[in-house]
Every structure is written in structure tokens, then in C-alpha cells.
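To start, the structure itself, in C-alpha cells.
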Amino acid sequence: MAKRILIIGLDGVPYSLLTSLREQGVLPNLDSVIKKGLFGSMEVCLPPISSVSWSSFMTGKDPSYHGVYGFTDITAKYQLRFPFFADLKVPTFFDLMGEKGCQSVVINLPSTYPVRAFPGVLISGFVAVELARAVYPPSLLPRLQAMKYRVDLDLARARSDKEFLFKDLQATLELRRKAVDLLWKEIPWTLFMVVVTGTDRLHHYAFDSLEDPQDPHHQAFVDYYRSVDSFIGEQLDRFEKDFAGDDRLVLLLSDHGFTGLDKEVYINRLLVQKGFLAFSADNPKMISDLDPKQTRAFALDPGRIYVNLKGRFSNGTVEPSDREKVLEELSDLLTNLHFNERSVAAGVYRREDLYRGPLAEEAPDLVFLTHRGFDPKGAVASPKVFGASGLTGMHTHDDAFYLLYASDGEVNQTPQIITDLSGIVLDWLDA
Amino acid sequence: MEDSERQRLWSLPLEEKLAQAEEVIVEAFDRFGREIAATWTGGKDSTTLIWLIRRVCRRLDRPFPISLFIDEGDIFPEIQALIEKVSQKWEIPVEVVRNDNVLRLVKDIGDPVKVAELNDLNRRELDLLEFAEPEFPFEPESYVGNHLMKTVPVKLFIEQKGLTALFTAIRWDEHDARESEDFFSPREDPSHVRVQPILHFRERDIWDVIHTYKLPFCELYAQGYRSLGARYNTRPVDDIPAWEQDFDNIPERLGRGQNKEQIMEQLRNLGYM
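Same order as they appear, the protein sequences are chains F and U.
Under this note's numbering, think of the first position of the first sequence as 13, with each following residue one higher.
Under this note's numbering, think of the first position of the second sequence as 662, with each following residue one higher.
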């Protein structure tokens, strides 16, 4: 019997939110799968950010194996660079399946840009800024252009205009639906995956509308979830109908949790105040404006802290023998950070304790995890340690969700962390 | 050029494409005499063009024109090795041009370049670009970097040598914007003519020529690179050799640089950076 896999990703959707919306009857389609499948919360790799999470999902490995620690990387010369999809150091399960002749169709998966040779069809997700480099095979491009396919919302506008946000969320969900329609029968596939990223955008920009039932946009927030649920229902229906004779595996998942945001925490400002970091420019714009000779440590989004170590960075100031001392000072500083009597730190983790893979040396020296409500930021321009930028939601490393259902009943492994899922999928396929 | 003519040239068999290219080279020698030089990047296209020019020169018994290699400051060692090996074997004199003024101020990609420390010439060139920041990171393929590290040295070279024409190895099928190019395309600042004899070759044709005539090529192509640029900004596209890749479905320039500014803007909108 042939085997088919359908994966639907919901970027940034917390288990707890799905549970409560489900209880309110907002998610009838999802509910029907939850009733027959395995549904639960899971953790994601640190730091909890889409590029790391989706890379970890598709490789089944943590960042110290695949090499992606964030949307940005820092070079030995303190310059930001953006990891390419081709920079992943281990194969994805799409590649492993491809070696066995099984093709995949993947739509809107973050961190797959620019596309490279791919066993099947791939439309990259965030941060895919040029559609022409986000589509494999490129022969597909004219048809996507004809439908005015977009990878993302108009973020600049959606951020400041909530009416527009909700309109554009629906418009991009509709484009995702059209892309699925277009590709459903394009090639004979074993695996079909589509990711809804609007959920993450909604949460970043309007989590407050969820938390306050009196908020004028509360209903629009819930309605978007109804639309996402209908979208899921359509895909599940046609999967079941078109492949009724096959063994089918359905996986739904998110790549991190989400929670309300009270204060952004500008770690670099704290490091400046405490003498760990100095900038060479009066109005620094990016971390590359730091003054290496006056810097012992600096931070990148989200909560990644690097020691300016000799040997690692071109103008490193910290001797390897002093690293431990600097880490202790930083840990003390972050652990004891408070805002109005509230403790900020949920944990300050050392590289050695988080990452064991061959690329662990490329990891940040510390990862700063905060209590809910405090969002750690790598921004450099803020004059204060605590502030706000207009965003109302933040990621969490726990409370991501998975939902697994196999028509043959052959899935009973419970994932603890997002990297467990690729093994579960491949095992099911091989069984 | 008319679209129909371009289609006709594209559809010629390989030998006729080569003959057409040689005709362009001969005409260029007739028109520009010794006032023409050939750019050589070490990539597959320009190495093929250098080979063709050399073939014409030997047939006509004329000296090989000066060939010009631009060191933009981040050259793959494999390219360097190819140029050294082939220039010796084919006895082709190579002149290396570079923007020394900038290169003296930097060591690695990303090193800050302070505009105040640049010489008048480079500062004037930045003015032409309407670049007003006090410094920029050294990146040979950024907008500013490309101009200072490639355009400016070539410009100086043309002026100093009194050239009126330059052979270049661009092809129509590299990207749509090149379809308006002709075998002889005039340029301004400085005024000269770009002679482009292999415009009508497709990527496949280039590899066919390389394999048929056993031309040397940079080993990076065997590692999956399809198109070569500055080292920091170029990646392989696949793990099989370039000539075995699916030309119709994988764009040649896929492994080349990203649009950094646009990516940063998107990240900023989600609260990163």
C-alpha cells in the first residue's frame, strides 16, 4: 500500500491557545483530528525562533548539527550574515526521502531561501525576498506570478495598521490555498507540506487583541483562526478523499509558542551600561557598529550572547582562559535582572550545556531565556534596557504543539521536542 | 537586435555559434586594432572567450591583446590557480587591476572603510553614486563595493591604456536584462565599446565547448558551483558538477549573492535586528 504524508505547519501557534480556542468551538476541523490522533505540547530548540525551529524540524537535529542559530549570524569580523538554505550542514528529511525516490511538495517553509536543488517542488517561506529565487523548479514561477503569489504580508504596513493586517492575513492565506490547489496534482508526491505563517504575524502584531475580549479586533483575531481551521479542513478532506486507498499520516505542528509581551529587554543596552560593550558610532544601527577593542560581550536576537573571544573574533579581547570568568559575570548580571521587582530571567544557559554537535563552537556562548512577557532583543539603538516597539507578542520555547494521526494507527511515539518529529515521520514511512 | 535574429543565433549548431563568435572577434580587431583588451574573470565564460580570441589571433598571426583580471579583494584561490596555470600554458599576458587605495585599508570582508581615509578619486566616485555615509563595510559585491572594486579599476585601466574597446564574456541567457545587449554595445564613462562575442551561447553550449575542446576550467565547477563571484557571496548550487546539473530548472546564478538590505528590512518588521 502506498504511503502519503500531509504536514501543515502553523507558525508560532501555542498548544495552550489551540486548546482554548478548541474548547470555544472555533476549530471544528482541527478538533476532529485531535479526537483521533496524538495531540500535545512540545519544546523547540534554543533559541526559539522560526529559522532555528524549522531548520531543526526538517533535519531532526539541533543547531549544533545544522548550523543555523538564528535569522542572522555574526562573522569573525562582526558583520551580520544571513544563512542560506544551502548552508544547512545536514540533509533534510525531504532530501533523505528524495534519495529513495520519494518526492515532496513544500509550500512556504521558512528558512528554505534561496532555493537549491530539491527532490520535488519547493516554494520558500520567510525570509524570501525575491520570488524568482524562492521557487523550485523555476519553471513554476510564471504560474505563481500569474496568481500574484506573495511569500508574506506587507509587513511594514500590517505592523502599523490593524485593519490592513487582518485584510492581508486573509489575502495571504488565500494565496497559500491557491498554491496548494496549483501543486496538489503537479507531481506524484509522497509528502505534501504547507506552512501558514500568518499566525505568527498575527501574534507579533496583535496578541493583545486576543488577550482582551473587549479589544475591537478580538473578533477578527478569532475569525482568522476560523479561516485557518477551514483551510486545514479542506486539506484534510482532500487528502483523505484523493488517497483513500493509501496509508496516510497527518502531522500538524508549530515551531514555537507565543505569549503576550510586556517589555522588550535590550540586552545590548544592559551590556553597555555594565561595561561589557561599547560602540564606535554615536548612533549605532547594527551590532557591527560595536567597538571590538572595548567590548567583552554582545547580544544578537533573540537572547544570544557572545563573548568577544580571542581566536573566535578578529579583535577578540577576552583570553580563552578568562572566558569562564566573563561567563560568570554575565550569568550573574542576567540572572539578577529585574524590572519593577519582577525577575526577568527564566534561565541563562551555557553553550556547553545546550549544544553537543560538531558545530557547537559556532553557538552563542550563552542563551538567555526570559520569563513570559519579557522579550530579549539584540537591538542596539535603544537608550534604555526596557522598552516597547509596538509589538504585542513574543515567542516561547515551550508550548509549541504537535498533532499526529496515522490512518493505519501506526504512530505512538510521543515527541518531546521538535527534532523528534522527522524520525517519527521517516520511521512511519519505512515501517 | 531583433528578437527573431536573436532566436536564430540561439538555435544555431555549436560549430556555427563558434564561427559567429570568431567573426565578431575578427571584426573587433579590424575596428579597434590594438586598442582592445579582454577581461578574464577565470570563470567558464571568459575562459572560453579567451580561448576563442587566442584561436583567432593564431590564425591571423597577431599578438594576443592584453587580458585584464580584476582583483576585487575576495578571489577564490581556485580561480587564482586557474588563471596562473592557463596564462602560462596559453602564453597569455595578464594584467591585474585592483583598487589598491581601498584594499590597503581593509583585510577581510566586512572591515569598515572610512570614506575620509579614501583618496580623492574614490571619494569622487562615491559622490557620483550619491553615497553620503561616513563609512561602509568592505563587500566587493554590494552596490558601493562593486563600483569601487570593479568598475573604477576597469575605468582607470581603459583610460590609462587608451583603449576604445573591451571584450567581455556575457551571455543573453544569464538574465533577462541582458537581452538588450548586442555584439557591439557602446558604453559611456569612459566612452568605449563592449565587444561581446559569445552573447548567443547558452550555458549548455559553454560546457559543450569546454568538454569538446578540452578547455581548462576552475575546479569549483566540479564541486557544484554554477557561476563564480566573490568568495564571500558565492555558494555551490548542488553537490554534483555544474555541467551535470539541470540547466532548465536550476538558475545559473542561484548560488550568487543575496539582497541583504531587503532581508534586513523584513527582519526589522518582525522586531529583529
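Note that beta-carbon positions come from the ideal geometry of N, C-alpha and C, so glycine has one too.
Every value quoted in this text rests on a predicted model; they were computed, and no experiment measured them.
**Request:** Report, in whole angstroms, the separation of the C-beta atoms of W201(F) and G287(F), which I expect to be a contact under 8 Å.
**Result:** Here residue 201(F) is taken as the residue at index 189 of the first sequence, counted from 1. Here residue 287(F) is taken as the residue at index 275 of the first sequence, counted from 1. The Cβ separation is near 56 Å, so there is no contact.
**Request:** Could you pull out every residue in the same chain whose Cβ sits closer than 7 Å to the Cβ of H215(F), ignoring the five residues on either side in sequence?
**Result:** In the first sequence, residue 215(F) corresponds to position 203, counting from 1. Taken in chain order, the residues that qualify are G24, F270 and G405.
**Rounded straight-line distance, which links the Cα of M934(U) to that of N320(F)** = As a first step, residue 320(F) must be located in the first sequence, where it is residue number 308. As a first step, residue 934(U) must be located in the second sequence, where it is residue number 273. Answer to the nearest angstrom: the Cα atoms are 19 Å apart.
**Request:** Evaluate the contact criterion for the region 307-319 of chain F versus the region 274-283 of chain F: three or more CB pairs, one atom per stretch, below 8 Å.
**Result:** yes
**Message:** Which residue wins for smallest C-alpha separation from I871(U), given the options E663(U), A699(U) and W712(U)?
**Reply:** Within the second sequence, the letter at position 210 stands for residue 871(U). Residue W712(U) is the option with its Cα nearest to I871(U).
**Asked** My guess is that F648(U) and K746(U) are in contact by the Cβ rule of under 8 Å, so how many angstroms apart are they, rounded?
**Response** Lying outside 662 to 934, the shown extent of chain U, residue 648(U) is not represented and no answer is given.
**Request:** Output, in sequence order along the chain, the residues in the region 749-764 of chain U whose CB is closer than 8 Å to any CB in chain F.
**Result:** Hits within the stretch: zero.
**Prompt:** Within 9 Å (strictly less), CB to CB, does R213(F) reach chain U?
**Reply:** Taking the first residue of the first sequence as 1, we reach residue 213(F) at position 201. At a cut-off of 9 Å between C-beta atoms, R213(F) counts as an interface residue with respect to chain U.
**Request:** Evaluate the contact criterion for the region 299-309 of chain F versus the region 319-334 of chain F: three or more CB pairs, one atom per stretch, below 8 Å.
**Result:** yes
**Item:** When L261(F), H350(F) and Y414(F) are compared against D439(F), the one with the closest alpha-carbon
**Value:** Here residue 439(F) refers to the residue found at position 427 when the first sequence is read from its first residue. Per the Cα distances, L261(F).
**Asked** Which residues in the same chain have their Cβ closer than 8 Å to the Cβ of R715(U), if we skip the five residues on either side of it in sequence?
**Response** Position 54 of the second sequence holds residue 715(U). These residues qualify, in order along the chain: F725, W751 and I753.
**Asked** By how many angstroms is the C-alpha of L100(F) removed from the C-alpha of H78(F)?
**Response** Locating residue 78(F) in the first sequence gives position 66, where the first residue counts as 1. Locating residue 100(F) in the first sequence gives position 88, where the first residue counts as 1. Roughly 5 Å separates the two Cα atoms.
**Message:** Residues of the region 895-908 of chain U in Cβ contact with chain F at a cutoff of 8 Å, in chain order, please.
**Reply:** Listed by position along the chain: R896, P897, V898, D899, Q906 and D907.
**Message:** I want to see whether chain U comes within less than 9 Å of Q36(F), judged by CB atoms only; does it?
**Reply:** Start at 1 with the first residue of the first sequence, and residue 36(F) comes out as number 24. Chain U, which has no Cβ nearer than 9 Å to the Cβ of Q36(F), makes this no.
**Message:** What ranges does the alpha helix (DSSP H) occupy inside the region 757-811 of chain U, keeping only unbroken runs of at least 4 residues that lie completely in it?
**Reply:** 761-764, 781-789 and 804-807
**Item:** Terminal residues of the alpha helix (DSSP H) in which S53(F) lies
**Value:** Here residue 53(F) is taken as the residue at index 41 of the first sequence, counted from 1. It is not in any alpha helix (DSSP H) - S53(F) instead sits in the beta strand (DSSP E) that spans L50 to M54.
**Message:** E820(U) and W833(U) - do their beta-carbons sit closer together than 9 Å?
**Reply:** Residue numbering aside, residue 833(U) sits at position 172 when the second sequence is read from its first letter. Residue numbering aside, residue 820(U) sits at position 159 when the second sequence is read from its first letter. Against a cut-off of 9 Å, the Cβ pair of E820(U) and W833(U) comes out as no contact.
**Asked** With a CB to CB cut of under 8 Å and the five nearest residues on each side skipped, what residues in its chain are close to R863(U)?
**Response** Translated into the one-based positions of the second sequence, residue 863(U) becomes position 202. Around R863(U): W671, R832, D834 and F908.
**Request:** Consider the Cβ of V206(F): report whether some Cβ of chain U lies at a distance smaller than 9 Å.
**Result:** The residue you call residue 206(F) lines up with position 194 of the first sequence. So, not an interface residue.
**Contacts that K89(F) makes with chain U (C-beta to C-beta distance below 8 Å)** = In the first sequence, residue 89(F) corresponds to position 77, counting from 1. Listed along the chain, the chain U residues whose CB falls inside 8 Å of the CB of K89(F) are D769, I770, G771 and D772.
**Request:** Can you check the region 233-287 of chain F for any alpha helix (DSSP H) of at least 4 residues that lies completely inside it and give the ranges in chain order?
**Result:** 279-285
**Prompt:** CB-CB under 6 Å to L177(F), same chain, minus the five flanking residues each way: which ones, in chain order?
**Reply:** As a first step, residue 177(F) must be located in the first sequence, where it is residue number 165. The answer, listed in chain order, is A170 and Y217.
**Request:** Report yes if the CB atom of R865(U) is closer than 9 Å to the CB atom of S888(U), and no otherwise.
**Result:** One-based indexing of the second sequence puts residue 865(U) at position 204. One-based indexing of the second sequence puts residue 888(U) at position 227. Between R865(U) and S888(U), the C-beta spacing is not below 9 Å.
**Prompt:** Are the region 155-162 of chain F and the region 73-91 of chain F touching, with three or more C-beta to C-beta distances below 8 Å?
**Reply:** no
**Prompt:** When you compare only the Cα positions, how much space is there between K875(U) and A883(U)?
**Reply:** As a working note, residue 875(U) is residue 214 in the second sequence. As a working note, residue 883(U) is residue 222 in the second sequence. Between K875(U) and A883(U), the C-alpha separation is close to 14 Å.
**Prompt:** Considering S68(F), what are the terminal residues of the alpha helix (DSSP H) in which it resides?
**Reply:** To locate residue 68(F), count along the first sequence from 1; it is residue 56. S62 to T71 is the span of the alpha helix (DSSP H), which, as asked, contains S68(F).
**Asked** Within 9 Å (strictly less), CB to CB, does S401(F) reach chain U?
**Response** On the first sequence, position 389 is the one that residue 401(F) refers to. Closer than 9 Å to some Cβ of chain U, the Cβ of S401(F) qualifies, so yes.
**Message:** With a threshold of 9 Å between beta-carbons, can F176(F) be considered close to chain U, or not?
**Reply:** Counted from its first residue, the first sequence places residue 176(F) at position 164. Answer no: the Cβ-Cβ gap between F176(F) and chain U never drops below 9 Å.
**Prompt:** Using the C-alpha atoms, what's the distance from V234(F) back to Q226(F)?
**Reply:** Taking the first sequence and counting its residues from 1, one reaches residue 226(F) at position 214. Taking the first sequence and counting its residues from 1, one reaches residue 234(F) at position 222. Distance between the alpha carbons of Q226(F) and V234(F) is about 13 Å.
**Request:** Scan the region 98-119 of chain F for residues whose Cβ lies nearer than 7 Å to a Cβ of chain U and list them as they occur along the chain.
**Result:** Correct list: A98.
**Request:** Take V774(U) and list the residues in its own chain whose beta-carbon comes closer than 8 Å to its own, dropping the five residues that flank it on each side.
**Result:** Within the second sequence, numbered from 1, the residue matching residue 774(U) stands at position 113. Counting only Cβ-Cβ distances below 8 Å, and skipping sequence neighbours, we find V763, L766, V767, E796, F797, P798 and F799.
**Any beta strand (DSSP E) of 3 or more consecutive residues that is wholly inside the region 717-745 of chain U** = 728-731
**Message:** Just to make sure I have the definition right: I need the residues of chain F whose C-beta is within less than 7 Å of the C-beta of Y933(U). Which are they?
**Reply:** The sequence position of residue 933(U) within the second sequence is 272, counting from 1. Going along chain F in sequence order, the residues near Y933(U) (Cβ under 7 Å) are F83 and D313.
**Prompt:** Is the region 229-248 of chain F in contact with the region 28-40 of chain F, if contact means three or more CB pairs nearer than 8 Å?
**Reply:** yes
**Request:** Name, please, each residue of chain F whose Cβ falls closer than 7 Å to the Cβ of L679(U).
**Result:** What you label residue 679(U) is simply residue 18 of the second sequence in a count that begins at 1. Here the premise fails: no neighbours, minimum Cβ distance about 28 Å.
**Prompt:** By Cβ distance, which residues of its chain are closer than 6 Å to A232(F), with the 5 residues on each side in sequence left out?
**Reply:** On the first sequence, position 220 is the one that residue 232(F) refers to. Correct list, in chain order: F178.
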